[in-house]
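Everything below concerns the one structure shown next.
Residue numbers (the working numbering), protein chains in the order written: chain A, 1325 to 1578; chain B, 9 to 271.
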């Protein structure tokens, strides 16, 4: 049996008319159940990679397949989490979480059932009826995660979702994210600036180099799952952080 | 609560001081009553002619409200078209600015001439003058949606109708209210300006604008003051009605519902 990649990039390039080439000759395969982080200096096109997978933009050259389909056709099983929580301010938390189901035509009773379960899952039962402006940044991001998981995705795309949070909230959400992944088994693609975050979350780290954006190296993270907070204090963790940092410096030097 | 009472007391004290100053000016400078009537004379004129004052007030209120409501409905429709079709917006948006800059006193006589004196013409003047801020603000609200929110909807394969009804329209509501707030004040001005040209819009009775013109020609300065006061009260009631609606619809989720911008 051959293993088919869930996401496949074949010689993908992307050029924007105003900023020039942002990605050049990217070959990438991401397999089911993996958690892949994209890391690199700004201008290396890591957000563009996510947008390409989501079909929100198209490559200028090369081919992209998601589940063997064109990215736009695979959207039904893909969810996207943005850097800011992007909640609808006129809807209370529970209706924000149910948005994807609502747009997909799921009826109200099923929506409520699913929303209630997700509220429990991310620990937000007590703010179900609250409007977003009353939530902290960390809580907003939890709502955003719950909304993304509501449609039971097979693939979760995350564009620096925790970049705006303080370190403690970020560490806690990292642990929660891994717990959710273990329970639900989706594949994760995660864009980040933080080396520690990438090492903690990922099974693989793709280091990108800028100008034009391209893959510098791919580093496997051989730490066992489930991962707990104490992992961050182990020698293996420190060694991997050093490896990735070294690769990042190499990517920036050229 | 106590803070509010203090604010109210302050406002009343300023009002009393103004009345006193007014009376003092009369005593010291001996201004003739047809130039500046005493506060008491104004009050007497208002009481004596209260029924006709109320009739004028009601006529102008009806015309302003009619014009404002029409401009809200038409303005939203035009904004929807502007938001959906960029080329239409590019082509026609400058003309909405024109609508705003043409002085209403200049076109009011034209409108009266075309439609004929009467309530419909005055309502139309109020409508024309209050249309531009509704169009401008609602269009702005419809097109200024965060790109990531649009992406979010696209990821869920949202239809164009869903994008409009569940994203763009709700996002535009606070903008619409800014427009209505500006429009509510100028709709009243538009109606009164229209009445200045339309004359008696109903048999035996006219709105505040007509009555102001009439009272000034008869040198009934005390009643003229009462009419000006009534016009002010009308403008204020519109403004507060809109503020209340805005609070009612937005206070749960929108920050600015409690911090209104000035027109």
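The beta-carbon is built from N, C-alpha and C at its ideal position, and this holds for glycine as well.
Boundaries of the beta strand (DSSP E) harbouring residue 1332 (chain A): 1331–1340, taken from the DSSP string.
Along the segment 1462–1547 of chain A, the alpha helix (DSSP H) occurs as fully enclosed runs of 4 or more residues at 1491–1508, 1519–1525, listed in sequence order.
Taking a contact as a CB-CB distance under 8 Å, the pair residue 15 (chain B) and residue 84 (chain B) does not count as one, their CB atoms being some 36 Å apart. In this structure residue 200 (chain B) is in contact with residue 217 (chain B), their Cβ atoms being roughly 4 Å apart against a cut-off of 8 Å. If you draw a straight line from the Cα of residue 26 (chain B) to the Cα of residue 184 (chain B), it comes to about 37 Å.
Proximity to residue 1539 (chain A) across A:1457, A:1364, A:1438 peaks at A:1364, based on C-alpha coordinates. When DSSP states are grouped into helix, strand and coil, residue 159 (chain B) belongs to the helix group. In the three-state DSSP reduction, residue 1569 (chain A) falls in the helix class (H, G or I).
For the pair residue 1435 (chain A) and residue 1400 (chain A), the Cα-to-Cα distance works out to about 17 Å.
Per the DSSP secondary-structure output, residue 1344 (chain A) pairs in a beta bridge with A:1340. For residue 87 (chain B), the enclosing alpha helix (DSSP H) begins and ends at 58–92. One alpha carbon belongs to residue 141 (chain B), the other to residue 105 (chain B), and they sit about 9 Å apart. In the DSSP assignment, residue 1389 (chain A) is bridged to A:1332.
If you check each beta-carbon in the segment 168–197 of chain B against every beta-carbon of chain A, the ones closer than 7 Å belong to 170, 178.
Within chain B, 154, 156, 157, 160 have C-beta atoms less than 8 Å from the C-beta of residue 1410 (chain A), given in sequence order. In the structure shown, residue 1359 (chain A) adopts extended strand secondary structure according to DSSP, grouped into three states. Under DSSP, residue 1350 (chain A) takes part in a beta bridge, and its partners are A:1336. With respect to the 8 Å criterion, residue 1524 (chain A) and residue 1551 (chain A) are classified as neighbours on the basis of their beta carbons. Assigned with DSSP and collapsed to three states, residue 1454 (chain A) falls in coil, not helix or strand. Counting only the Cα atoms, residue 1370 (chain A) lies some 14 Å from residue 1541 (chain A). The continuous beta strand (DSSP E) containing residue 1402 (chain A) extends over residues 1402–1405. In the structure shown, the three-state DSSP call for residue 179 (chain B) is helix. Inter-residue distance for residue 1377 (chain A) and residue 242 (chain B) is about 58 Å (C-alpha atoms, whole angstroms).
For the set A:1472, A:1427, A:1357, A:1431, the Cα lying nearest the Cα of residue 1443 (chain A) is the one of A:1472. By the Cβ neighbour-count rule, residue 259 (chain B) is exposed, with fewer than 16 other Cβ atoms within 10 Å of its own.
At a cut-off of 8 Å between C-beta atoms, residue 1404 (chain A) counts as an interface residue with respect to chain B.
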